[in-house]
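Notes follow once the structure below has been shown.
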Amino acid sequence: MVQPHSLVQFLDQGRKLDNIAHMRSFIQKHEENIHLHEDADDPELETKIRKTDKDCIMGGLISTSKDAFLLAYTLGKLVEDLEILASVEFSDDEQKPRVEPHCTYDLQFSMYAFEHFPSMQQRDKLKIIPEAAFQKLLPPTYSTTEFGSHVAKALEMKPTSDSFLRLAALYWRIKGDAPKAVEC
1 MVQPHSLVQF
11 LDQGRKLDNI
21 AHMRSFIQKH
31 EENIHLHEDA
41 DDPELETKIR
51 KTDKDCIMGG
61 LISTSKDAFL
71 LAYTLGKLVE
81 DLEILASVEF
91 SDDEQKPRVE
101 PHCTYDLQFS
111 MYAFEHFPSM
121 QQRDKLKIIP
131 EAAFQKLLPP
141 TYSTTEFGSH
151 VAKALEMKPT
161 SDSFLRLAAL
171 YWRIKGDAPK
181 AVEC
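Under UniProt numbering, residues 1 to 184 are what the sequence shown spells out, in order.
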């Protein structure tokens, strides 16, 4: 107490001690709750369940190949995009040199374009392996080079079309060229 003769401060001291005791019990309850639910954050929880659950044991091992998940996740509009591409006239002349789709289109600065991120500014350093699994999703009559030429022609007509840009990115992913895929 600053002034021992102050009754108000003396009485207020009891209230402050009660608040401290209440906060201590509140924190202790939260700490117990955290320890109680700690198992839910276990990174090996899925593996433990697969080893002990009778249905998982009976089902055997599942494929955890990333290809199956990536295909479903990244190609949500592939069918629609290919239908739009089919509407673009394309003559498959063997004498004409094949061209590749290039997605260089100057955009005004926007926070939504992500160009301000260092990883986007240094995209030329990105590396990926060719994603051959995507080739299987294209019509069997298409070779990769034919597909690329068709997309390039479509991009010449509509350089800002979402569908054509997605297909161009798909082409570069099949080829294994990450910087050009990101550009598209």
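Ideal placement from N, C-alpha and C gives every residue a C-beta, glycine not left out.
Segment contact: the region 177–184 against the region 118–133, three or more CB-CB distances shorter than 8 Å; contact assigned.
Under the three-state reduction of DSSP, residue 30 is assigned to helix.
When only Cα atoms are considered, residue 31 and residue 158 end up about 59 Å apart. Contact between residue 154 and residue 79 is absent: CB atoms are separated by about 16 Å, not below the 8 Å threshold. For residue 42, there is no enclosing alpha helix (DSSP H), as DSSP marks it with neither H nor E. Residue burial is scored here from C-beta neighbours: residue 60 has fewer than 16 other C-beta atoms within 10 angstroms and is therefore classed as exposed. Using a Cβ distance threshold of 7 Å, residue 55 and residue 163 do not count as a contacting pair. Measuring C-alpha to C-alpha distances from residue 85 to each of 151, 143 and 45 identifies 151 as the nearest. Residue 147: member of the alpha helix (DSSP H) spanning 144–157, first to last residue. A check of alpha carbon separations from residue 173 across 147, 156, 14 and 160 identifies 147 as the nearest.
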